[in-house]
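As they're listed, the protein sequences go chains V and H. Numbering follows full-length UniProt numbering, in which position 61 of the first sequence is assigned residue number 61; successive positions increment by one, without gaps. Numbering follows full-length UniProt numbering, in which position 87 of the second sequence is assigned residue number 87; successive positions increment by one, without gaps. Yeah, the Cβ is synthetic: ideal placement off N, Cα and C, and Gly gets one too.
Protein chains: 2
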Amino acid sequence: MDYIEIFKALSNKSRLQMLEWLKEPEINFPEQINSGFEHGVCVGQIQAKAGLTQSTVSEYLSILQRAGFIESKRVGQWTYYKRNEEAFTALSKIIESNL
Amino acid sequence: MDYIEIFKALSNKSRLQMLEWLKEPEINFPEQINSGFEHGVCVGQIQAKAGLTQSTVSEYLSILQRAGFIESKRVGQWTYYKRNEEAFTALSKIIESNL
DNA sequence: TAGATATATCGGAAAAAGTCGATATATTTG
DNA sequence: CAAATATATCGACTTTTTCCGATATATCTA
Numbered sequence: 001m002d003y004i005e006i007f008k009a010l011s012n013k014s015r016l017q018m019l020e021w022l023k024e025p026e027i028n029f030p031e032q033i034n035s036g037f038e039h040g041v042c043v044g045q046i047q048a049k050a051g052l053t054q055s056t057v058s059e060y061l062s063i064l065q066r067a068g069f070i071e072s073k074r075v076g077q078w079t080y081y082k083r084n085e086e087a088f089t090a091l092s093k094i095i096e097s098n099l
Numbered sequence: 001m002d003y004i005e006i007f008k009a010l011s012n013k014s015r016l017q018m019l020e021w022l023k024e025p026e027i028n029f030p031e032q033i034n035s036g037f038e039h040g041v042c043v044g045q046i047q048a049k050a051g052l053t054q055s056t057v058s059e060y061l062s063i064l065q066r067a068g069f070i071e072s073k074r075v076g077q078w079t080y081y082k083r084n085e086e087a088f089t090a091l092s093k094i095i096e097s098n099l
């Protein structure tokens with residue numbers, strides 16, 4: 001577990017916001033009507049909300065994924081991202097007892 | 001509470017190490033014989049262990065302090081730093097429920 | 001009060017991160 | 001298969017961070 005990579009991933013306002021949005025996909029991404037939220041939200045929806053370019057959003061999602069906070073699933077031409085809650089719980093415990 | 005400042009403070013190997021050292025001052029800084037550890041450890045001791053210049057260590061301690069993880073007390077010509085455990089507990093809870 | 005010691009602050013060079021536009025790749029659909 | 005759409009990757013430029021040496025400030029002590 002690479003703490004530096006994890007904390008760097010969280011050291012950016014846009015990325016923190018994306019994590020927050022993904023807590024309530026139905027509320028924050030109501031445009032995504034078809035294909036429920038079981039796989040998460042696709043990159044384009046996140047980009048539209050983030051006000052960043054597509055390439056930046058794609059990279060930021062990769063950073064969050066490498067740090068373990070989200071996971072992706074490719075479905076057709078879309079890549080869906082959703083939170084991995086275990087990563088947050090694990091990090092919380094590490095900070096409480098190991099840091 | 002500025003999350004970015006907090007996570008940036010933790011995004012550096014040397015700073016994480018300092019925090020770890022300060023968990024057990026008696027073990028990690030046995031040279032500091034006189035003037036117990038009630039106020040923490042002084043900058044020079046930390047510098048000697050960190051293998052960084054005095055100015056860098058001083059700045060890193062400031063960064064950790066601004067983020068709330070350590071607190072300082074000036075005693076004579078020395079500045080002692082010690083952990084503020086509440087900051088870790090608070091961050092742990094934030095990650096578990098707010099992030 | 002002058003010198004010694006501890007720490008803080010300043011200015012800068014090099015490395016990393018932020019962010020973009022352009023382009024490449026994958027997938028769907030006509 | 002060709003065009004359209006979604007996402008990923010690349011190259012470049014700007015901003016931030018890392019870390020240093022030099023210098024300033026504070027405190028102690030002879």
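Per-residue contacts from residue i into chain V (C-beta, under 9 Å)
| i | result |
| --- | --- |
| Y3/H | L10, S11, K13 and L16 |
| T89/H | I95 and E96 |
Option nearest residue i by Cα separation, candidates the options
| i | options | result |
| --- | --- | --- |
| F69/V | L52/V, Q54/V and L91/V | L91/V |
| K23/V | G40/V, Q32/V and K93/V | G40/V |
| R15/H | E96/H, A67/H and W78/H | A67/H |
Which of helix, strand or coil DSSP assigns to residue i
| i | result |
| --- | --- |
| K82/V | strand |
| K93/V | helix |
| E38/V | coil |
| E24/V | coil |
| E31/V | coil |
| S72/V | strand |
| T53/H | coil |
Cross-chain neighbours of residue i in chain V, by beta carbon under 8 Å
| i | result |
| --- | --- |
| L19/H | L99 |
| F7/H | F7, K8, L10 and S11 |
Partners in chain H for residue i, counting only beta-carbon separations shorter than 7 Å
| i | result |
| --- | --- |
| S92/V | S92, I95 and E96 |
Rounded straight-line distance, which links the Cα of residue j to that of residue i
| i | j | result |
| --- | --- | --- |
| R74/V | Y80/V | 6 Å |
| I6/H | S11/V | 8 Å |
| G76/H | N98/V | 33 Å |
| P30/H | F88/V | 36 Å |
| E86/V | A48/H | 38 Å |
| T53/V | I94/H | 29 Å |
| L64/V | A9/V | 6 Å |
Residue i Cβ short of 8 Å to the ligand FMN heavy atom set
| i | result |
| --- | --- |
| Y81/H | The ligand FMN is not part of the structure shown, which contains no ligands of any sort. |
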